[in-house]
Amino acid sequence: MIRLHLRSICGLLAACLLAQSAQAAATLQVLHWWTSPSERKAANALAARAADEGIEWKDAAIPGGAGLGAGKVLKSRVLAGDAPEVSQMIGVSIAEWADLGLLLEIDNVASSGNWNTTLFPTIQTLITHRKHVVAAPVGIHRVNTLFYNRQLFAQLKIAPPQSWEEFEAAAQKLKAAGVVPLAQSSEAWQVAALFENLVLAESGPEFYRQLFVKRDPAAAADKRTAEALQRLRTIKGWANGQIDERSWPDVARQFARREAAMMMMGDWAKPELRDLGMTLDEDFACGVAPGTAKYHLYSVDSFTMFAGDYRHMAAQEKMARLLVSPPVQVEYNTLKGSVPVRRDADPSRMDSCARASWTTFALGAAVQAPSLVHRMATDEASRDAIIAEIQRYFLDDRTTPAEAQRRLGVLFRLFNLRSQGAYGAQDTDRRR
Ligand code: BGC
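Using our numbering, read the sequence shown as starting at 9 and increasing by one per residue.
Next comes the structure, spelled out in structure tokens:
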């Protein structure tokens with residue numbers, strides 16, 4: 009009798025423990041850097057879809073555009089043995105983390121979803137490390153986007169600038185009419201984003217890669233780099249001294265208040281402007297950065313799963329599958345301003361901005377340029393150092409382009425020395 013009683017208690021306990029662990033497995037903490045109102049909506053949509061599948065999305069959002077804060081928090085959490093189950097992680101940093109053996113390989117999910125045929129090849133490469141899929145991609149952002157106020161342009165009879173010469177002519181006209189031509193922050197990543205657009209416009213994707221992926225000292229010394237640096241300084245003048253370290257949603261608000269006629273920002277600003285009451289193609293247009301119409305300067309958002317003790321594997325795999333599924337891709341990307349990572353997406357269902365982005369990206373690697381700022385081109389440490397150098401040049405008018413080129417050259421030599429033994433984009437590429 010007593011033995012029977014004990015057995016049933018044990019049975020109950022085991023059932024409880026199982027139920028408990030199933031419950032724990034269904035809660036996933038997700039670290040990401042989507043904290044602006046529109047980014048929040050996109051993250052909430054993913055959380056809602058996860059909930060439909062029985063997964064609780066425990067939000068761990070870290071503020072800071074381009075994930076500067078999130079990257080640091082992630083590092084310290086992992087060091088403290090407190091890795092989140094899911095983390096936004098993009099570009100070359102995926103390979104850096106995967107190399108440490110911390111990421112869950114999701115090959116089963118990828119093969120059952122035929123990711124190798126449904127995803128764009130560039131996306132497939134970004135999420136693959138040593139032949140294993142280690143990230144679930146969600147959307148492609150276009151960084152070479154120029155937003156302009158349609159009413160201001162129409163009033164002053166300005167055509168959307170196709171080249172930097174036209175941009176300067178437009179800026180002159182706007183200034184003469186008392187309108188600030190460009191909304192621009194001096195935050196390091198936002199300055200560097202402008203610079204990478206200028207490099208792409210001066211040179212095209214091949215030279216761009218030579219500078220930011222290969223980090224070739226000869227490219228740093230090239231006259232195309234000098235011209236891009238010179239232009240960066242000229243553009244600084246067009247912001248009418250209104251340059252301070254503002255977050256990107258602040259810059260978007262300045263543009264929405266008609267306090268500046270143009271804004272160079274990734275297309276994540278599109279839903280933010282929508283939230284601020286502006287309508288695409290009526291109040292504002294989403295054009296392409298001057299001189300880059302043929303190209304796609306991209307940032308691909310993706311999530312990785314920390315393997316830990318594999319307790320959460322089932323829920324993590326479910327989440328990965330969900331993120332890439334066609335309905336979630338459509339819903340999420342519409343809210344986020346990015347475009348689906350899938351080749352079978354339907355461009356006719358996209359707005360003008362998304363359609364131009366998706367169809368350009370679909371043309372393949374020859375027109376694609378990996379954003380340095382958004383970790384697509386090189387490892388985190390090199391990226392941070394290059395961005396800091398560009399900001400230093402931007403802020404200090406006494407530094408000449410030649411001096412900035414010399415400093416970039418020194419950095420590149422250092423990186424290349426280091427990557428002979430450890431990390432670097434070349435190494436990373438080779439490992440893939
Ligand atoms: C990400 C976007 C994000 C933007 C601003 C980029 O690195 O790809 O999803 O909206 O940063 O924080």
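For glycine and all other residues, C-beta sits at the position ideal for the given N, C-alpha and C.
Here the structure is a predicted model, which is why all the values come from computation and not from measurement.
So L182 and A277 are in contact, right, with Cβ under 8 Å, and what is the actual spacing, rounded? As a position in the sequence shown, residue 182 is number 174, starting the count at 1. As a position in the sequence shown, residue 277 is number 269, starting the count at 1. Rounded, the Cβ-Cβ distance is 19 Å, inconsistent with contact.
Run through the DSSP bridge pairs and tell me what D60 is partnered with. Within the sequence shown, residue 60 is the residue found at index 52, counting from 1. D60 is not bridged to any residue.
If we call anything under 7 Å between Cβ atoms a contact, is A196 one with Q324? For the purposes of this step, residue 196 is taken as the residue at position 188 of the sequence shown. For the purposes of this step, residue 324 is taken as the residue at position 316 of the sequence shown. Not closer than 7 Å, so no.
Could you check if A74 belongs to the surroundings of the ligand BGC, using beta carbon to heavy atom distance under 6 Å? In the sequence shown, counting from the first residue as 1, residue 74 sits at position 66. True, at least one ligand heavy atom lies under 6 Å from that Cβ.
In chain order, what residues of the same chain lie with their CB nearer than 6 Å to the CB of M313, ignoring the 5 residues before and after it? Counted from its first residue, the sequence shown places residue 313 at position 305. Only V94, L112 and Q324 meet the Cβ criterion.
Between T35 and the rest of its own chain, which residues show a CB-CB distance below 6 Å, the 5 nearest in sequence each way excluded? As a first step, residue 35 must be located in the sequence shown, where it is residue number 27. These residues qualify, in order along the chain: E64 and K66.
Just the Cα atoms here: how many angstroms apart are D258 and L154? Along the sequence shown, read from residue 1 onward, the residue named residue 258 stands at position 250. Along the sequence shown, read from residue 1 onward, the residue named residue 154 stands at position 146. Distance between the alpha carbons of D258 and L154 is about 16 Å.
Name the one or two DSSP bridge partners that A144 has. Along the sequence shown, read from residue 1 onward, the residue named residue 144 stands at position 136. DSSP, once it has assigned bridges, lists F311 as partnering A144.
If I measure Cβ to Cβ from D392 and keep anything under 8 Å in the same chain, skipping five residues before and after, which residues do I get? Position 384 of the sequence shown holds residue 392. So the list is empty, once near-sequence residues are dropped.
Under 8 Å by Cβ, that's how I've got M384 and S310 pegged, so tell me the actual separation to the nearest angstrom. Here the question's residue 384 lines up with position 376 in the sequence shown. Here the question's residue 310 lines up with position 302 in the sequence shown. Between S310 and M384 the Cβ distance is about 11 Å, and since that is not below 8 Å, they are no contact.
Are the Cβ atoms of V151 and S346 separated by less than 7 Å? Here residue 151 refers to the residue found at position 143 when the sequence shown is read from its first residue. Here residue 346 refers to the residue found at position 338 when the sequence shown is read from its first residue. Contact flag unset, no.
Can you list, in chain order, the residues of its chain with a C-beta nearer than 8 Å to that of S120? Leave out the 5 residues immediately preceding and following it. The sequence position of residue 120 within the sequence shown is 112, counting from 1. Closer than 8 Å at Cβ, skipping near neighbours: R329.
Less than 7 Å between the beta carbons of A191 and Q262, yes or no? Taking the first residue of the sequence shown as 1, we reach residue 191 at position 183. Taking the first residue of the sequence shown as 1, we reach residue 262 at position 254. Yes. Within cutoff.
Assuming S193 contacts R254 under a Cβ cut-off of 8 Å, what Cβ separation, rounded to an integer in Å, is found between them? What you label residue 193 is simply residue 185 of the sequence shown in a count that begins at 1. What you label residue 254 is simply residue 246 of the sequence shown in a count that begins at 1. Yes, S193 and R254 are in contact; Cβ-Cβ is about 4 Å, under 8 Å.
Any chance the CB of W276 is under 6 Å from a heavy atom of the ligand BGC? Numbered from 1 along the sequence shown, position 268 holds the residue referred to as residue 276. W276: yes, Cβ under 6 Å from the ligand BGC.
Decide yes or no for the touch test of the region 79 to 97 against the region 296 to 307: beta carbon pairs closer than 8 Å, at least 3 of them. no
Rounded C-beta distance between S211 and R241? I'm assuming under 8 Å. In the sequence shown, residue 211 corresponds to position 203, counting from 1. In the sequence shown, residue 241 corresponds to position 233, counting from 1. Actually they do not touch by this definition, with Cβ atoms about 18 Å apart.
Around the Cβ of S356, are there at least 16 other Cβ atoms within 10 angstroms (buried) or fewer (exposed)? The residue labelled residue 356 in the question sits at position 348 within the sequence shown. Under this definition S356 is an exposed residue.
Unbroken alpha helix (DSSP H) run spanning Q399, endpoints: To locate residue 399, count along the sequence shown from 1; it is residue 391. Residues E388 to L403.
Out of G299, L202, G372 and A370, which has the shortest C-alpha to C-alpha gap to P169? Counted from its first residue, the sequence shown places residue 169 at position 161. Of G299, L202, G372 and A370, the residue nearest in Cα terms is G299.
Can you give me the C-alpha to C-alpha distance between R48 and W42, rounded to a whole angstrom? By one-based count along the sequence shown, residue 48 stands at place 40. By one-based count along the sequence shown, residue 42 stands at place 34. Answer to the nearest angstrom: the Cα atoms are 6 Å apart.
Just curious, the beta strand (DSSP E) that G295 is in, first and last residue? In the sequence shown, the residue the question calls residue 295 occupies position 287. Start and end: F292 to V296.
From this set, Q163, F161, I251 and W246, which residue's C-alpha is nearest E176's C-alpha? To locate residue 176, count along the sequence shown from 1; it is residue 168. Per the Cα distances, W246.
Between the CA atoms of D405 and L206 - distance to the nearest angstrom: Residue mapping note: residue 206 aligns to position 198 of the sequence shown, counting from 1. Residue mapping note: residue 405 aligns to position 397 of the sequence shown, counting from 1. Approximately 18 Å between the Cα atoms of the pair.
Can you tell me whether P378 is helix, strand or coil according to DSSP? Working through the sequence shown from its first residue, we reach residue 378 at position 370. Strand.
Can you list, in chain order, the residues of its chain with a C-beta nearer than 7 Å to that of G72? Leave out the 5 residues immediately preceding and following it. Residue mapping note: residue 72 aligns to position 64 of the sequence shown, counting from 1. Excluding positions up to five away in sequence, the list reads W41 and A78.
Segments assigned alpha helix (DSSP H), at least 4 residues, entirely inside the region 197 to 266: 213 to 220, 225 to 229, 231 to 246 and 256 to 264
Going by C-alpha to C-alpha distance, which of A143, E173 and A185 sits closest to A162? Locating residue 162 in the sequence shown gives position 154, where the first residue counts as 1. Nearest of A143, E173 and A185 to A162, Cα basis: A185.
Delimiting residues of the alpha helix (DSSP H) encompassing N124: Residue numbering aside, residue 124 sits at position 116 when the sequence shown is read from its first letter. W123 to T126 is the span of the alpha helix (DSSP H), which, as asked, contains N124.
When we look at the beta-carbon of R265 and count the other beta-carbons within 10 Å, is it buried (16 or more) or exposed? Locating residue 265 in the sequence shown gives position 257, counting from the first residue. Counting Cβ neighbours within 10 Å, R265 comes out exposed, since fewer than 16 surround it.
Under DSSP, the beta strand (DSSP E) around S95 begins and ends at which residues? Along the sequence shown, read from residue 1 onward, the residue named residue 95 stands at position 87. Looking at the DSSP string, the run of the beta strand (DSSP E) that includes S95 is V94 to Q96.
Nearest neighbour of A106, chosen from T125, N124 and V86 [CA to CA]: Here residue 106 refers to the residue found at position 98 of the sequence shown. For the residues T125, N124 and V86, the minimum Cα distance to A106 belongs to V86.
Cβ of E280 within 7 Å of Cβ of A260? Here residue 280 refers to the residue found at position 272 of the sequence shown. Here residue 260 refers to the residue found at position 252 of the sequence shown. Yes.
Taking the CB atoms as reference points, tell me whether T386 and V100 lie closer together than 7 Å. On the sequence shown, position 378 is the one that residue 386 refers to. On the sequence shown, position 92 is the one that residue 100 refers to. For T386 and V100, yes; Cβs fall inside 7 Å.
Using the rule of at least 16 other Cβ atoms within 10 Å of the residue's Cβ for burial, across every protein chain shown, is D275 buried or exposed? As a first step, residue 275 is located in the sequence shown; it is residue number 267 there, counting from the start. Buried, because 16 or more other Cβ atoms sit within 10 Å of the Cβ of D275.
Nearest neighbour of A297, chosen from K222, D289 and L202 [CA to CA]: As a position in the sequence shown, residue 297 is number 289, starting the count at 1. Closest by alpha carbon: L202.
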